Amino acid sequence: MKPYSFFRSYLEAVSNCCIFSFTGYLSQNMLVEMGEELQLNLSQDIHNNSYSRKVFSIFVEMAQNVVKYSNKRIIKGKENNRGYGTISVYKQNHTIIIQSGNPVKSEIVDVIQNKCNTISQKNSDELKSYYKEQRKIPKAEYQKGAGLGFIDIALKTSNQLDIDFIKIDEEELFFVFTVPINI
Numbered sequence: 002m003k004p005y006s007f008f009r010s011y012l013e014a015v016s017n018c019c020i021f022s023f024t025g026y027l028s029q030n031m032l033v034e035m036g037e038e039l040q041l042n043l044s045q046d047i048h049n050n051s052y053s054r055k056v057f058s059i060f061v062e063m064a065q066n067v068v069k070y071s072n073k074r075i076i077k078g079k080e081n082n083r084g085y086g087t088i089s090v091y092k093q094n095h096t097i098i099i100q101s102g103n104p105v106k107s108e109i110v111d112v113i114q115n116k117c118n119t120i121s122q123k124n125s126d127e128l129k130s131y132y133k134e135q136r137k138i139p140k141a142e143y144q145k146g147a148g149l150g151f152i153d154i155a156l157k158t159s160n161q162l163d164i165d166f167i168k169i170d171e172e173e174l175f176f177v178f179t180v181p182i183n184i
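Just add 1 to the spot in the sequence shown (first one is 1) and you have this note's numbering.
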C-alpha cells in the first residue's frame with residue numbers, strides 16, 4: 002500500500018471513531034488477545050459494564066465467524082486454524098457498530114440469508130424458543146460450531162442483523178455483517 006493510501010485509511014478510521022480494527026488471518030488465540038484490548042478500549046468509551054460486556058460478547062461471536070467460516074484460510078493442525086477477514090468496532094453518537102467481513106463460498110450464501118431472514122422475523126420470545134430448538138439439531142457439514150451465533154447476537158441486540166454480500170467471483174462472495182448496539 003502506498004503511504005498516501007495508508008494515511009487515508011488512518012484518516013477514515015479516525016473520522017469514523019474507530020475503537021478497534023483488524024484485517025488479516027485471525028486465530029482463536031489472537032481473538033483472546035484482541036478481546037482483551039477491546040475491553041480496555043471500551044472501558045475508556047463506555048462507562049456502563051453491562052454494555053461493555055454486550056459489545057465484547059458480540060465482538061467475540063462475530064470474530065469467531067471469521068475464524069471458523071472464512072473461505073480464505075491457513076490450516077496448520079486443529080489448534081492453529083486461521084480464517085482471513087476483517088473486524089472493526091466504531092462508536093457513532095450513542096451507538097457502537099461492530100462490522101465483520103470475510104470471503105465465503107457462494108454455495109452457503111443462501112443458507113446464511115435464509116437463517117438471518119428467519120431470525121429477523123421472530124420476536125424475543127420466539128428467538129429464545131428457536132435457539133433451544135436449534136441446539137437439538139445436528140450441525141451441517143459446513144458448520145464448525147453449533148450454528149447459534151446469529152440467534153445469540155439477535156437476542157442481545159433486539160434482532161438487529163444487517164448482512165450483505167459482495168461478489169468476488171463466481172465461487173466466492175465477501176460476507177459483510179454489521180451489528181449496531183445502542184448504548
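Just so you know, even glycine gets a beta-carbon here, dropped at the ideal spot from N, CA and C. Quick caveat, the model's predicted, so the values are computed rather than measured.
If you draw a straight line from the Cα of Val-67 to the Cα of Gly-102, it comes to about 7 angstroms. Closest in alpha carbon position to Asn-30, among Asp-126, Val-105 and Lys-69, is Lys-69.
The bridge partners DSSP lists for Asn-94 come to none. Bounds of the beta strand (DSSP E) holding Thr-24 are 19 to 27.
Around the beta carbon of Gly-25, fewer than 16 other beta carbons sit within 10 angstroms, so the residue counts as exposed.
Its Cα nearest to that of Ala-155, the residue Thr-119 stands out among Phe-176, Glu-173 and Thr-119. For Ile-154, no beta strand (DSSP E) segment is defined; the enclosing uninterrupted segment is the alpha helix (DSSP H) at 150 to 157. Selection Lys-116, Cys-18, Ile-75 and Thr-96 evaluated against Ser-53 yields Thr-96 as nearest (Cα-Cα). Taking 8 angstroms as the cut-off, the beta carbon of Asn-42 is found no closer than this to the beta carbon of Tyr-91. A straight-line Cα-Cα distance of about 24 angstroms links Lys-157 and Leu-27.
Rounded to whole angstroms, the separation of the alpha carbons of Gln-65 and Val-110 is 18 angstroms. Buried is the label assigned to Arg-83, since at least 16 other Cβ atoms lie within 10 Å of its Cβ.
When secondary structure is reduced to three states using DSSP, Pro-139 falls in the coil class, being assigned neither helix nor strand. For Glu-62, the enclosing alpha helix (DSSP H) has its first and last residue at 50 to 70. Looking from the CA of Phe-176, the closest CA among Ser-130, Gln-114 and Tyr-131 belongs to Gln-114. Take Ile-59, set aside five residues on each side of it, and the residues of its chain with a beta-carbon closer than 8 angstroms to its own are Ile-99, Ile-154, Lys-157, Thr-158, Val-180 and Ile-182, in chain order.
In the same chain as Arg-74, and ignoring 5 residues on each side of it, the C-beta atoms closer than 8 angstroms to its own belong to Tyr-26, Asn-82, Arg-83, Gly-84 and Tyr-85, in chain order.
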